[in-house]
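Numbering (the UniProt record's numbering), first residue to last: 1 to 266. Please read the structure below before turning to the comments.
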């Protein structure tokens with residue numbers, strides 16, 4: 001009986017040990033599966049994040065040349081518009097009076113429209129430089145028609161000087177042309193009282209010169225009532241202050257656009 005009891009106890013202990021071993025095996029199997037699943041999840045997340053970053057980098061790399069190309073395009077459009085405005089501004093005195101306003105409106109509007117593209121895509125420095133250049137174009141637009149009248153009249157009067165010596169010429173028409181020319185050139189430097197006193201002299205000199213048709217004379221006499229920026233409109237024999245200022249401001253924009261298009265400026 002004692003032997004049978006010992007055997008029974010031994011069998012029970014053995015069975016219990018086997019059960020514990022089985023439980024431990026199940027635990028570690030589950031633990032290993034969880035670790036594997038966790039590692040797989042972490043690896044998957046890492047791969048997903050890497051894929052997102054790679055896609056972002058590729059997208060950025062793909063957009064960068066496009067942005068640079070678009071910037072160059074809007075910069076070129078703006079420069080083209082301002083250059084056309086500059087040429088038109090300079091040539092306006094030689095264009096028939098009836099065509100000047102519409103032509104000026106067209107080129108000035110083109111500058112405004114082209115600047116809008118720079119405002120959207122340009123760098124901060126390019127936007128600032130474009131605003132300054134467009135602002136100067138707007139100022140010159142307000143002077144352009146008066147400037148065209150004055151410079152056209154001065155040019156015609158010069159061609160009607162004496163072909164030999166304008167100061168010693170005895171021809172009344174040549175003398176009148178030279179007097180009218182001198183008055184127009186210096187008109188902006190005269191005091192207001194002097195201008196009123198010499199207005200009749202200017203009118204008679206223009207008439208006696210036979211250089212300008214009646215319509216152009218009326219235009220000149222209308223313009224002389226406003227002497228704002230007169231000396232700059234008249235300019236000099238060689239230099240033109242307004243065009244020089246325009247070229248200087250244009251150069252600032254060109255520098256800013258170059259730096260921006262080549263990735264130097266933000």
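Just so it is clear, CB atoms sit at the ideal spot from N, CA and C, and this is done for glycine as well.
For residue 108, the enclosing alpha helix (DSSP H) covers residues 97-121.
Contact annotation: residue 221 and residue 86 have beta-carbon atoms that are not nearer than 8 Å.
If you look at residue 170, you'll find it isn't in any alpha helix (DSSP H); DSSP assigns it neither H nor E.
Closest option to residue 229, judged by alpha-carbon separation, among 189, 71 and 170: 189. DSSP, reduced to helix, strand and coil, places residue 256 within a helical segment of the structure shown. For residue 146, the enclosing alpha helix (DSSP H) begins and ends at 124-159. With distances taken between CA atoms, residue 205 lies nearest to 183 out of 196, 194, 225 and 183. For the pair residue 149 and residue 219, the CB atoms are nearer than the 8 Å cut-off. The residues 93, 233, 234 and 235, in chain order, have a CB closer than 8 Å to that of residue 151 in the same chain once the five nearest residues on each side in sequence are set aside. If you draw a straight line from the Cα of residue 254 to the Cα of residue 179, it is about 43 Å long.
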